[in-house]
Amino acid sequence: MTDLRSIPLFAGLSDAGIRRLQERLRVRRYSEGDVILRAGDPPTEMHVIVEGAARLELNAAWTRGRRALLGPAQAFGEMSVLSGSPVSATVLAQCDTKTLVLSAEDLASVLEVEPTLYRNISAMLGARLRHRTQPDALRLQPAVAVLVLHMDIEPVTALLRSLARGIGHYAPGSLLFDARSSQFDALLSRVARWREEAAGGQYLTVVSSAASLTAMRDLLMPGDVALHVKGAQVATVREDLDLGPVDSQTVLLGGRALPRAPGPWADSVSQEELAACSADGEAWNRERYPSLDRLARYVTFREVGIALSVGAAAGLAHLGFLEVLERSGVPIDFLCGSSMGGTVALGYGQCGNAPEFADAICRVSAQFAKARGIQILLRGSLVSHRRVQEMTRELFGERTFAELCRPVAVVAADLVAGQRVILDSGPIAAAAWATSAIPGIFPPLRIGSRILVDGGLVTRVPADLLLRRRCGLRIASVVHDAIGESQSDRDLEADRLQRQLDRPLGLHAALGASWKLLGWWDSAAQAQKADLVVKIPVSLRGGFDFTAGLRMVELGREATRRHIAAIRAEADRVLAPGIP
C-alpha cells in the first residue's frame with residue numbers, strides 16, 4: 003500500500019493511527035470519464051488520490067460553472083462526510099485514476115483517537131478556502147501557455163516535450179498543441195474549446211513562431227503566460243511586442259546570458275538538464291532538472307516568492323531567514339526587497355546561498371563600522387560617496403541582474419520625480435546602493451535624471467511585487483522592534499540613546515533612530531499582501547550596529563525556525579499536483 007505518511011492529510015499520525023487507517027482504507031480504480039462522486043449523493047465516503055487526477059464540476063455561483071482539478075495526495079468528499087450534507091460537486095476521473103477510500107464510519111472512528119487528523123483536515127480546508135478566495139484566482143481558470151520560438155534548432159523539440167511534461171505534472175490534464183503549421187481559424191477554435199471545456203488550472207501549451215505573435219495576442223487573457231525561447235548567446239532578453247495582459251518570461255536554451263548583459267534576468271535551460279529529463283521517461287524529478295521544474299512552476303502559479311523588509315543593519319537577519327528556508331528544502335524562486343532587504347535579496351540572488359553572502363556582507367559591515375568614511379565636510383550625507391562605492395563594488399563587482407541565479411527586484415525612491423522605482427536590470431552594485439541609500443546617512447545615487455535613495459521611503463515591505471509574479475506562495479520576512487515592554491527597559495533604552503545623542507556627531511544617532519522608526523512603523527500592514535509573514539524581533543539598539551551582523555543573522559534563524567513547520571506545509575501544498 004502507499005506510504006500513508008507521504009500524504010499530507012495523514013502526516014504526523016501515530017503508528018497506531020496509521021495501522022488503523024491501513025485496516026480500513028480500500029483501493030478503487032477508475033477509468034477516464036468515470037463518475038467517482040455525484041452531486042447530491044449521500045455523504046458516505048471520502049477519497050484520497052494516489053495516482054491520476056480527478057475533475058470537480060463546481061456549480062456554485064462563485065465558481066461560474068468552472069471545473070477544478072485535483073492531483074495525487076489530494077482529498078475530496080471529506081466536507082460532506084464531516085458535515086453530513088449531500089455531496090456538493092460531481093467528481094470525475096480526469097484520466098485513469100486510483101484512490102484510497104475511507105467510509106464515513108471509519109473516518110469517525112479514526113478521528114476519535116487521532117486529533118492530528120482533525121488538525122490536518124482543518125489545515126487543508128483552510129488552505130483550500132484561502133486559495134479559492136484570493137483576488138489572484140485567475141489560476142482557477144483554464145489557461146493558455148504560449149511557447150514563442152525565436153530559434154529553430156533540434157534542442158527546441160526536447161525543450162517542448164520536457165516543459166509539457168512538467169506543466170502536466172503540476173497541472174494534470176494539460177495538453178501540448180503545436181500551432182506552427184496550423185491555420186489561425188483552427189488555432190482560434192482550439193483555444194476557444196479549451197477555455198470552455200478544460201478544468202481550472204489546466205494549461206493548453208501552444209507552440210508558436212515569433213512571426214505569429216501578433217495573431218496570438220488577441221487570443222490571450224489574464225492568467226495566460228508567454229515563454230520566449232531564445233538561444234543563449236543573445237545581447238538582450240527584453241521583448242518589445244506588447245502581449246497585453248499576460249505574463250512573459252524569456253528562456254535561454256543552452257546556458258546563461260552573455261556576461262554584463264544589460265537586460266533583466268532570464269530563465270535558462272542547459273543541454274544537460276534536457277538530457278536528464280529525457281532519460282527519466284514519464285517521471286518528474288525536481289532535483290534532477292531544477293531549471294525545467296522552475297519554469298513549469300512559473301507557468302502553473304507555483305513559484306515561492308520572498309519579500310524582505312527594511313531594517314538597516316538589523317536587516318542582515320533576513321540572511322538567517324533565507325538560510326533556514328533553503329536548508330528545509332523550501333524553494334526560493336523570486337526575491338524582492340527594500341533598503342537592506344533589497345541588498346540581501348541581491349546578494350542571495352548573486353550567490354545562490356545565504357551563508358556565503360552572510361560571510362561577505364558581515365565582513366564588509368564590520369569594516370565599515372570601524373572606519374565609516376564619515377566626511378569631514380558634511381554635504382548630502384554623513385558617509386562619503388567613495389566609501390559607499392567601495393563597499394558595493396566589493397560585494398557585487400560588475401555583475402548585472404542578468405547574471406543572477408534567481409530573479410530579483412529591489413525598490414528605490416526617486417527624489418526628483420517623487421516616485422517609487424523598481425530596479426530589475428543593469429548593474430546590481432548600483433541597485434544595492436540605490437535601495438539602501440538612507441537619506442542623511444548614505445549618499446543618493448544619480449542615474450540619468452533620477453536621484454535615488456532608500457526604498458524604505460516609499461515601501462517598507464514590497465510584498466505587492468509578489469502579486470505581479472505567478473507565485474503560489476508569498477512569504478514576507480519583517481524585521482521589527484523588540485524593545486522591552488517594562489518601564490525599566492524603556493528607561494534604560496532612553497538613557498542609552500540620550501548618551502549617543504550627546505556625543506559629537508550625535509546627529510548620526512538621531513537620524514538612525516528616526517529612520518528605523520519610520521521604516522518599521524507600518525511594515526506589518528504592507529506585509530499583509532503576503533500569505534505568510536515571519537516576524538524577526540530585533541532590539542532597537544541593534545538596528546544600526548553594523549558590528550553585530552552575525553548576531554542579526556542568528557536572530558533571523560531563531561525566528562524562522564519557529565515558523566518553518568507552517569512554511570514547509572504551505573510549500574508542500576504549492577508543490578503538489580492539482581488545485582487544492
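Under the working numbering, the residue at position 370 of the sequence shown is numbered 372, and the numbers go up by one with no gaps. Even for Gly, the Cβ is constructed at its ideal location relative to N, Cα and C.
Contact set for residue i: own chain, Cβ-Cβ below 7 Å, skip 5 residues either direction
i	result
G558	A319, H320, L321, G322, F323 and I538
V52	T4, P74, K100, T101 and L102
R471	E305, G307 and F336
A13	R7 and N122
Buried versus exposed, by CB contacts within 10 Å (16 or more), residue i
i	result
T216	exposed
E25	exposed
L503	exposed
F370	buried
A360	buried
G86	exposed
D497	exposed
T562	buried
F186	exposed
D98	exposed
E572	buried
Q204	buried
G580	buried
P10	buried
P446	buried
P429	buried
As assigned by DSSP and simplified to three states, the class of residue i
i	result
A484	coil
R40	coil
H565	coil
L577	helix
C97	coil
A13	coil
H171	helix
M153	coil
A237	Reliability of the predicted coordinates at A237 is poor, the pLDDT of 47 falling under 50, and no value is obtained from them.
A56	strand
E116	coil
L27	coil
D504	helix
D249	strand
E47	strand
G339	strand
A571	helix
D269	strand
A70	strand
Q528	helix
T92	strand
Within 8 Å, strictly: CB atoms of residue i and residue j
i	j	result
V83	L58	no
G255	V227	One detail in the question is off: residue 255 reads as Leu in this sequence, not Gly. No, the pair does not count as a contact, with Cβ atoms beyond the cut-off.
V271	G317	no
G354	V412	no
P157	Q273	yes
L189	A181	yes
V535	A529	yes
E400	V366	no
G168	D295	yes
L71	V146	no
I453	V418	yes
G54	A95	yes
A484	A532	no
A433	L425	yes
L229	V253	yes
L406	G442	no
L310	S479	yes
L475	V326	no
A166	L178	yes
A201	P266	no
Contacts around residue i, its chain only, beta-carbon distance under 8 Å, and the 5 residues preceding and following it disregarded
i	result
G79	L39, P45, E47, M48, H49, V89 and V93
V312	S340, S341, M342, G343, D456, G457, G458, R462, V463, V481, G521, W522 and S525
F548	A315, S367, A368, F370 and A371
R22	S111, V112, V115 and E116
S280	A160, R163 and S164
Cβ-based neighbour list, residue i, same chain, cut-off 6 Å, excluding 5 preceding and 5 following
i	result
A278	R290 and Y291
L467	C338 and A411
S176	I169, G170, Q204 and Y205
What ranges does the alpha helix (DSSP H) occupy inside the segment 179–230, keeping only unbroken runs of at least 4 residues that lie completely in it? 186–199 and 215–219
Every unbroken beta strand (DSSP E) inside the segment 349–417 [3 residues or more]: 410–416
Runs of alpha helix (DSSP H) lying entirely within the segment 283–335, each at least 4 residues, in chain order: 292–301 and 319–329
Which ranges does the alpha helix (DSSP H) cover as unbroken runs of at least 4 residues, wholly within the segment 427–487, from first to last along the chain? 430–437
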